[in-house]
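Reviewing the structure listed below.
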Amino acid sequence: MTEKGSPARLHAGREIPHRAIADISNLPNDYSTTPGGSIFSTTPGGSRIFYERNFLMQCRNSPLAKTPPRNMAHIPGITTPGDVDIPKENGVVEPKGAKPQKVEGAEEHPQFEMDI
Amino acid sequence: MNNKFEALKAEDSSGSGDEEIEKQEPESPPRPPPKPGPGEHPLQYNYGFWYSRKSQGNKSASYDANLKLIGTFASVEQFWRHYCHIARPSDLNGHTDYHLFKEGIRPMWEDSANKNGGKWIIRLKKGLASRCWENLIMAMLGEQFMVGEEICGAVISIRYAEDILSLWNRTANDGVTTARIRDTLKRVLNLPPNTVMEYKTHVDSIKDNSSFRNTDVFMR
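The listed protein sequences derive, respectively, from chains A and B. Going by UniProt numbering, the first residue of the first sequence is number 1, and it counts up by one from there. Going by UniProt numbering, the first residue of the second sequence is number 1, and it counts up by one from there.
What follows is the structure, encoded as structure tokens:
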């Protein structure tokens with residue numbers, strides 16, 4: 001609040017630009033929107049929920065993402081609802097003791113994060 | 001580039017072209033539509049995770065019969081719950097597909113959402129499937145394609161000599177949409193500039209009963 005150049009001094013006298021729009025057609029196409037529609041728009045049909053990859057990857061580590069899904073079909077060799085150890089494709093079950101402890105980085109790691 | 005993989009020919013047909021007639025109701029979802037739980041991040045759409053594997057003994061078993069819905073989800077967290085309990089694409093073998101489709105759309109050419117549509121196809125060397133699949137579905141779930149309602153779903157197809165990513169959209173003859181999807185695919189998958197991209201309409205797939213043959217090839 002007590003910086004040397006207060007905002008008032010730095011921007012003294014500059015008014016907020018004011019443009020009068022006579023007709024809706026004078027609005028620029030990109031007025032207040034992001035490509036594909038605005039994230040912040042709340043009009044029905046106009047709002048979309050975007051997520052960047054990094055954010056999605058972070059959510060993977062959330063406790064909410066760890067519980068095994070209910071209602072998941074059980075397909076041997078494909079899904080493992082509630083199981084911790086995954087048999088390998090060739091039928092060899094990983095030795096329990098020899099399971100390497102996962103060191104976590106969000107990316108490029110095996111998909112099976114079974115620590116529940 | 002087309003027809004390069006002869007091995008594929010014999011086993012490549014993942015549609016049910018021979019049974020347009022019997023429009024049987026899918027084992028109508030006994031499950032209620034998923035909802036985001038408290039504290040979870042909702043997705044723009046609900047999705048279903050599907051699995052199919054060409055049956056070995058009974059070659060004539062229909063595609064539809066081999067299609068299994070693994071689960072449905074409505075939030076980012078619910079997606080991960082499923083994803084983390086499903087084998088990675090690169091751990092699969094045989095003639096196997098994962099399909100991630102918007103809820104209500106079956107991963108079939110004949111579905112009403114797909115019948116005027118088509119798909120972009122990207123052929124992957126062995127070893128890339130898991131990473132590319134993950135990048136593709138991250139982009140789809142996060143609404144990175146910016147084509148309104150056009151995206152129907154994504155598929156990873158594990159095959160003998162290669163793996164194949166597909167992204168299905170509703171309107172095959174909408175050039176603006178398909179071009180935008182193609183450009184976004186290149187970006188999110190980090191494809192080299194000279195990557196060959198192929199597009200095939202589902203109408204053509206039904207005609208030749210093949211998913212990946214006789215595609216339209218686009219060089220950059």
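Glycine residues also receive a C-beta, built at the ideal position from the N, C-alpha and C atoms. From a predicted model like this one, the values you see are computed outputs, not experimental measurements.
- Counting C-beta pairs closer than 8 Å gives three or more between the region 46 to 57 of chain B and the region 80 to 97 of chain B, which meets the contact rule.
- Close to A:Pro68, with beta-carbon spacing below 8 Å, are these residues of chain B in chain order: Arg81, His85.
- Relative to B:Ile121, the option among B:Lys200, B:Pro38, B:Gly39 whose CA is nearest is B:Lys200.
- Where B:Ile206 is concerned, the enclosing alpha helix (DSSP H) starts and stops at 202 to 208.
- Going by DSSP, B:Val188 is part of the alpha helix (DSSP H) stretching over 175 to 189.
- In the DSSP assignment, A:Cys59 falls within the unbroken alpha helix (DSSP H) covering 53 to 59.
- The beta carbon of B:Ala129 sits closer than 7 Å to the beta carbons of Pro89, Ser90, Ile156, Ile158, Asp163 from its chain, once the five residues preceding and following it are set aside; these are given in chain order.
- For B:Val217, the three-state secondary structure derived from DSSP is strand.
- The shortest CA-to-CA distance from B:Leu189 to any of A:Leu64, A:Ala73, A:Arg53 is the one to A:Arg53.
- A residue is called buried when at least 16 other Cβ atoms come within 10 angstroms of its Cβ; B:Phe145 meets this threshold and is buried.
- Using beta-carbon distances, B:Met108 does not count as an interface residue toward chain A, since no partner is under 8 Å.
- At least 8 Å separates the beta-carbon of B:Leu67 from that of B:Ala154.
- Sequence-distant Cβ neighbours of B:Gly117 in its own chain, meaning closer than 8 Å and more than five residues away, are Cys152, Trp168, Asn169, Arg170, Thr171, Ala172, Thr201, His202.
- When C-beta distances to chain A are compared with 9 Å, the residues of the region 61 to 79 of chain B below that value are Lys68, Leu69, Ile70, Gly71, Thr72, Phe73, Ser75, Val76, Glu77, Gln78, Phe79, in chain order.
- In this structure, B:Gly71 lies away from A:Ala65, with their beta-carbon atoms at least 8 Å apart.
- Here B:Met219 is exposed, its C-beta having fewer than 16 other C-beta atoms within 10 Å.
- Taking a C-beta distance under 8 Å as the contact criterion, B:Gly48 and B:Leu69 qualify as a contact pair.
- Between B:Phe73 and the set B:Met197, B:Gly104, B:Ala87, B:Gln56, the nearest pair of CA atoms involves B:Gly104.
- For chain A, the residues of the region 45 to 59 of chain B that bring a beta carbon within less than 8 Å of one of its beta carbons are Tyr51, in chain order.
- Judged by DSSP secondary structure, B:Cys152 falls within the beta strand (DSSP E) whose first and last residues are 151 to 158.
- Here DSSP, grouped into helix, strand and coil, assigns B:Met138 to helix.
- What B:Glu143 touches in chain A, judged by beta-carbon distance under 9 Å, is Gly36, Arg48, Ile49, Phe50, Tyr51, going in chain order.
- Straight-line measurement puts the Cα of B:Asp216 at about 16 Å from the Cα of B:Asp183.
- Counting only residues of its own chain and dropping the five nearest sequence neighbours on each side, B:Pro42 has a CB closer than 7 Å to the CB of Pro36, Ala74, Ser75.
- Interface flag for B:Gly37 against chain A is set, since a Cβ pair is found closer than 8 Å.
- Taking every protein chain shown into account, the CB of B:Ser112 has fewer than 16 other CB atoms within 10 angstroms, so this residue is exposed.
- When DSSP states are grouped into helix, strand and coil, B:Asp91 belongs to the helix group.
- Chain A places a beta carbon closer than 8 Å to that of B:Pro42, counting this residue as a contact.
- When B:Pro33, B:Arg106, B:Leu124 are compared, the shortest CA-CA separation from B:Asp64 is found for B:Arg106.
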